[in-house]
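Q: Below is one structure. I have some questions about it.
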Amino acid sequence: MIEASVIIPTHNRREFLEYCLVHILNQTTDNYEVILIDDASTDGTHNLIGNWKLEIGNLRYIRLERQSGPYVARNIGIREAKGDIIIFIDSDVLVHSRFVEDHTKIHKRYDKIILQGMVHHTRVPSLATFKFFFPNAFCFRTFITQNISVRREWLEKAGGFDEFGPLMGYKDVAMGIKLQKLGLKRVYAIRSCKAYHIDGPINEENLGKLFVKQMQQGESAYFFVKNYGRMAERYAHIRKAVFISNLFQTPRWVEKEKTIRFLKESRDSPLLFIFPILKGVIRYHYRVKGINKASESDDKGFSNCSNI
């Protein structure tokens, strides 16, 4: 009997997806299924999965012909799921062999809960060893889908993930708000439900992807606050992003070629604080850029993000 359904949306992450599948398909329990939703990948993901499906019976593969975003993909996964417990992970996450067992055991002890697992961020899959695992990312205020589980009935009562606005960002937080309104309590797994998040190497391509994602999240932050009110600002941090961008006058220098070159070089600087601080400021710049883009395109929205 299938007790849990693990839902994994993916888009052009073949590089890490195979590592993800190796871990999630080698568990200490057999009472689960893996639903992989391919969000119109163009990197050969379909060919990779074709080989896996010949060998793994509990892997279900759904391919979307048009890119619709991870939240649409997760909603499709929820509708297709056979398990009573839904576990969400991302396709660049590597899990412990007891991962599914840990999630299901805790849900059997508690009914109305959101079980948030923690992750350890690392650059490359080869560093993902569970022998000396300790999380370095703590998710205490939000609903983070890289390692989280909820009973399917509550996700359905919440109406699934929001699908309005841009493809990326904050719809997982919105789901957390809706579930808490239904009376679900948060439970945090620190020493169980272990997982690594693979961030990838620091290079120009990955930095570019990061900043594009920040801009998309800025757009989503705008619509998130618009739809959920001032309470959403605690999670979206729009005011903070605007303040930092204005403080450092980021439009004047962030998007210049020499800035990215200096950012890459600062990674190896003996002054270890330079890289994370500079990267953080640049991320806020692109987030504000996304906020302003959404504000300008929304005729019925607030006219200036600083008024939030």
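Residues are numbered in my numbering as their position in the sequence shown, beginning at 1, plus a constant of 1362.
Cβ atoms here follow ideal geometry from the backbone N, Cα and C, with glycine treated the same way.
Source: prediction; values computed, not measured.
Using only the alpha-carbon positions, how far apart do L1421 and V1384 sit?
A: Looking at the two C-alpha atoms, the distance is approximately 11 angstroms.
Q: I think I1448 touches S1367, with their Cβ atoms under 8 angstroms apart; what is that distance to the nearest whole Å?
A: Right, the Cβ-Cβ distance comes to about 6 angstroms (below 8 angstroms), so this counts as a contact.
Q: Is it right to say N1654 is buried, meaning 16 or more other beta carbons lie within 10 angstroms of its own, or is it exposed?
A: The residue is buried, with at least 16 neighbouring Cβ atoms inside 10 Å.
Q: Between the Cα of M1363 and those of I1386, L1544, D1392, spot the shortest distance and give me the residue it belongs to.
A: M1363 has its Cα closest to that of D1392, out of I1386, L1544, D1392.
Q: Based on DSSP bridge pairs, tell me the residues matched to R1425.
A: The partner list for R1425 (beta bridge, DSSP) reads D1400.
Q: What does DSSP give as the partner residue(s) for T1679 in the beta ladder?
A: With the chain covering 1363 to 1670 only, the question about residue 1679 has no answer from this structure.
Q: Whose C-beta lies closer than 6 angstroms to the C-beta of P1487 among residues of the same chain, with five residues either side of it excluded?
A: Closer than 6 angstroms at the Cβ level, and outside the excluded window around P1487, lie Y1381, I1560.
Q: Cα-Cα, which of R1513, S1403, S1459 is closest to L1541?
A: Among R1513, S1403, S1459, the Cα nearest to that of L1541 is on R1513.
Q: Looking at the unbroken beta strand (DSSP E) that takes in V1549, where does it start and where does it end?
A: Where V1549 is concerned, the enclosing beta strand (DSSP E) stretches over 1547 to 1551.
Q: At what residues does the beta strand (DSSP E) containing A1366 begin and finish?
A: A1366 -> beta strand (DSSP E) spans 1366 to 1372.
Q: Which residues does DSSP pair with Y1394 in a beta bridge?
A: DSSP output for Y1394 lists A1366 as bridge partner(s).
Q: Could you tell me the distance, in whole angstroms, from the CA atom of T1407 to the CA atom of Q1508?
A: C-alpha separation (whole angstroms): 20 angstroms.
Q: Which two residues bound the contiguous alpha helix (DSSP H) that contains I1451?
A: Looking at the DSSP string, I1451 is not in any alpha helix (DSSP H); the run it does join, the beta strand (DSSP E), is 1447 to 1451.
Q: Output the distance between the C-alpha atoms of T1491 and R1553, rounded to the nearest integer angstrom.
A: Distance between the alpha carbons of T1491 and R1553: 15 angstroms.
Q: Measure the C-alpha to C-alpha separation of I1606 and Y1646 and round it to an integer number of angstroms.
A: Near 7 angstroms, if we compare the C-alpha coordinates of Y1646 and I1606.
Q: Between which two residues does the alpha helix (DSSP H) carrying R1375 extend?
A: Element bounds for R1375: n/a, residue is neither H nor E.
Q: What's the gap between the Cα of G1580 and the Cα of F1495?
A: Spanning the two alpha carbons is a distance of roughly 32 angstroms.
Q: Rounded to the nearest angstrom, what separates C1667 and A1594 at their Cα positions?
A: Its pLDDT being 46, under 50, C1667 is placed unreliably by the model, and the measurement read from it follows with that caveat. In a straight line, the C-alpha of C1667 is about 14 angstroms away from that of A1594.
Q: Count the CB pairs spanning the segment 1457 to 1469 and the segment 1530 to 1548 that are closer than 8 angstroms, and state whether there are at least three.
A: Contact fails: fewer than three Cβ-Cβ distances are below 8 angstroms.
Q: On the DSSP bridge assignment, give the partners of G1479 in chain order.
A: In the DSSP output, where bridge partners are listed per residue, G1479 has A1551.
Q: Can you name the start and end residues of the alpha helix (DSSP H) that L1456 belongs to?
A: First-last for L1456: 1455 to 1457, but that is the beta strand (DSSP E), not the alpha helix (DSSP H).
Q: Which residue's Cα is closest to the Cα of S1582: E1395, R1649, A1499?
A: Comparing Cα positions, the closest option is R1649.
Q: What is the C-beta distance between V1549 and Y1472, in whole angstroms, given that I count them as a contact (C-beta under 8 angstroms)?
A: Correct: roughly 6 angstroms between the Cβ atoms.
Q: Over the uninterrupted beta strand (DSSP E) stretch that includes N1509, give me the two end residues.
A: From DSSP, the beta strand (DSSP E) with N1509 extends over 1509 to 1513.
Q: Give the DSSP bridge partners of A1499, in chain order.
A: Paired residues: V1481.
Q: Please state the DSSP three-state secondary structure of Y1532.
A: Coil, per DSSP.
Q: Pop quiz: I1475 and K1588 are said to be a contact at Cβ under 8 angstroms. What is the actual Cβ separation, rounded to whole angstroms?
A: About 29 angstroms; that fails the 8 angstroms criterion.
Q: With a 10 Å radius around its C-beta and 16 neighbouring C-beta atoms as the bar for buried, classify T1404 as buried or exposed.
A: Per the 10 Å Cβ criterion, exposed.
Q: Buried or exposed, going by whether 16 or more other CB atoms sit within 10 Å of the CB of E1658?
A: Counting Cβ neighbours within 10 Å, E1658 comes out exposed, since fewer than 16 surround it.
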